[in-house]
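Asks:
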Amino acid sequence: MTMAMIVEAFHLTRWATARVATQPEGNVTLVGLKTFYRVGWSAEGFEPGEVDVVDPARMLGHRVEIRPRLQSLTYVFGDGQSSAPTTSMGGTYPKGDVVHSYGAAGRYATRVDVTWTADFRVDGGGWAPIPDQVVVSGPATEVTVKTAKAVLVN
Numbered sequence: 008m009t010m011a012m013i014v015e016a017f018h019l020t021r022w023a024t025a026r027v028a029t030q031p032e033g034n035v036t037l038v039g040l041k042t043f044y045r046v047g048w049s050a051e052g053f054e055p056g057e058v059d060v061v062d063p064a065r066m067l068g069h070r071v072e073i074r075p076r077l078q079s080l081t082y083v084f085g086d087g088q089s090s091a092p093t094t095s096m097g098g099t100y101p102k103g104d105v106v107h108s109y110g111a112a113g114r115y116a117t118r119v120d121v122t123w124t125a126d127f128r129v130d131g132g133g134w135a136p137i138p139d140q141v142v143v144s145g146p147a148t149e150v151t152v153k154t155a156k157a158v159l160v161n
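Our numbering puts the first residue of the sequence shown at 8, with every later residue one more than the last.
1) With 16 other CB atoms within 10 Å as the buried threshold, where does Gly162 fall?
2) Should Ala25 and Val119 be called a contact, given that it needs their Cβ atoms to be closer than 8 Å?
3) Rounded to whole angstroms, what is the Cα-Cα separation between Ser90 and Ser108?
4) What number of angstroms, rounded off, separates the C-alpha of Thr99 from the C-alpha of Gly47?
5) Looking at the unbroken beta strand (DSSP E) that takes in Val14, where does it start and where does it end?
6) Inspect the beta-carbon positions of Val152 and Thr29 and report whether they are closer than 8 Å.
7) Ignoring anything shorter than 3 residues, give me the beta strand (DSSP E) runs that lie fully in the region 13 to 74, in order along the chain.
8) Of the residues Ala147, Ala11, Ser79, Ala112, which one's Cα is nearest the Cα of Gly97?
9) Exposed or buried, which one is Asp104 when buried takes at least 16 other CB atoms within 10 Å?
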């Protein structure tokens, strides 16, 4: 068994899908309003810290386990801007730390790009890092940005 085989298995890992959600709820916001982003993981696939066991037939009969690690998240806001890479899962008002304000009305395809690294072990031995990374783009979530008009009422 070689490191190349382990790296290949790492690239074939079924990753959990990261999907963005926003606040205000419903993926609708206003021009200039702070929009809070957060990430949720799909039920399918492997999240950070979960362990994938590679088919021993592909590893010359050895039991190889791969434990994904979250390297970073990059939030893509759909208007040409993105966050810096972060490990933050975001959150809601007032403590959420992934925030974006849109400058124009429209519909924007937002997503999060997840950079994964991982550790592996063979036959129950000690964990060691895999010398590679994988970037997986989450599915797009459409955010609708509207304008508001101030109206003076008597």
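Yeah, the Cβ is synthetic: ideal placement off N, Cα and C, and Gly gets one too.
Replies: Short version:
1) Residue 162 falls outside the range modelled here, since the chain spans only 8 to 161, and no answer is possible.
2) In this structure, Val119 lies closer than 8 Å to Ala25 by Cβ.
3) 12 Å
4) 13 Å
5) Per DSSP, Val14 belongs to no beta strand (DSSP E); it is in the alpha helix (DSSP H), 10 to 18.
6) Their beta carbons are not under 8 Å apart, which means Val152 does not touch Thr29 by this criterion.
7) 25 to 30, 35 to 37, 42 to 48, 59 to 61
8) Ser79
9) exposed
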